[in-house]
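Report on the structure given below.
Residue numbers (my numbering), protein chains in the order written: chain H, 52 to 168; chain P, 59 to 170.
And the structure:
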């Protein structure tokens, strides 16, 4: 079956602009999470959506926002871009939310590379 | 804020050697996962451990979760060039949904 699809794969934006990244989860998956990966900070959690509701939010400024649609597809938006927002943005999907003895596997997409100049 | 300290950051070894990667925290996690990430790709789950003291084996890879669920280790026996990549540990809290706290990663290079 198709994996997690993220678009666009690469993009370059100018400081002050905004950007929208899209994520299509694996069919049937209801949870979508977003992460930012940078060489300095590593992988950091942005937010998780489950059934169109934001379930968790990481420690990022309000310029970072997201949403999930009824078909589980998700978008994240970054407004007023700063140079430090240059990163690989990863989307991950799973059937359910939470880790327990019954198990839960998160599948990551290949990411969207954002460069802010 | 939960933090996961991963060590070493970089490891360059010869094919056939053994290695261990450590993941430590002062926080208790309900589960801990290990991922491997190749350049240009997203992380791929290797294993999830949920019980303190749990040991899981995946071919030449052995994963252990500490008794107190604050630390974990990944041991690779007889490393091969195909094991080269970025290894990441990630912890989850019981009430944290799918929010994962990642360690800084260990970049492993296995030379033939």
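From the three backbone atoms N, C-alpha and C, an ideal C-beta is built for every residue, glycine too.
Who are the Cβ neighbours of residue i in its own chain at under 7 Å, not counting the five residues just before and after it?
i: residue 142/P; result: 166, 167 and 168
i: residue 123/H; result: 76, 80, 81 and 83
i: residue 63/H; result: 166 and 168
i: residue 107/P; result: 89, 90, 114, 121, 123 and 130
i: residue 114/H; result: 129, 130 and 131
Determine the DSSP secondary structure at residue i, reduced to helix, strand or coil.
i: residue 125/P; result: coil
i: residue 116/P; result: strand
i: residue 162/P; result: coil
i: residue 93/H; result: strand
i: residue 140/P; result: helix
i: residue 135/H; result: helix
i: residue 156/P; result: coil
i: residue 105/H; result: strand
i: residue 150/P; result: strand
Near residue i, what residues of its chain come up, given a Cβ to Cβ distance below 8 Å and the 5 sequence neighbours on each side ignored?
i: residue 88/H; result: 94, 95, 138, 139, 140, 141 and 162
i: residue 71/P; result: 77, 137, 166, 167, 168 and 169
Given a threshold of 16 other Cβ atoms within 10 Å of its Cβ, counted over all protein chains shown, does residue i qualify as buried or as exposed?
i: residue 101/P; result: buried
i: residue 84/P; result: exposed
i: residue 73/P; result: exposed
i: residue 99/H; result: buried
i: residue 130/P; result: buried
i: residue 116/P; result: exposed
i: residue 155/H; result: buried
i: residue 143/H; result: buried
i: residue 127/P; result: buried
i: residue 134/H; result: exposed
i: residue 57/H; result: buried
i: residue 21/H; result: Summary: the structure shown does not reach residue 21/H, with chain H confined to residues 52 through 168, and so no result is reported for it.
Output needed for residue i: all residues of its chain with C-beta closer than 6 Å, excluding positions within five of it in sequence on either side, in chain order.
i: residue 146/H; result: 80
i: residue 164/H; result: 61 and 139
i: residue 144/P; result: 95, 163 and 165
i: residue 159/H; result: 141 and 143
i: residue 82/P; result: 63 and 129
i: residue 68/H; result: 132
Can you round the beta-carbon distance between residue i and residue j to whole angstroms, since I take them to be within the 8 Å contact cut?
i: residue 10/P; j: residue 93/P; result: Because chain P here runs from 59 to 170, residue 10/P falls outside it and cannot be looked at.
Exercise. May I ask you to verify whether the segment 81–91 of chain P touches the segment 145–161 of chain P, counting CB pairs closer than 8 Å and requiring at least 3?
Key: Segments in contact, yes.
Quiz prompt | Segment contact flag, the segment 125–134 of chain H with the segment 61–69 of chain P, C-beta cutoff 8 Å, min 3 pairs | solution = Contact between the segment 125–134 of chain H and the segment 61–69 of chain P is absent, because fewer than three Cβ pairs lie under 8 Å.
Quiz prompt | At least 3 beta-carbon pairs within less than 8 Å: the segment 154–166 of chain P vs the segment 98–118 of chain H | solution = Contact between the segment 154–166 of chain P and the segment 98–118 of chain H is present, because at least three Cβ pairs lie under 8 Å.
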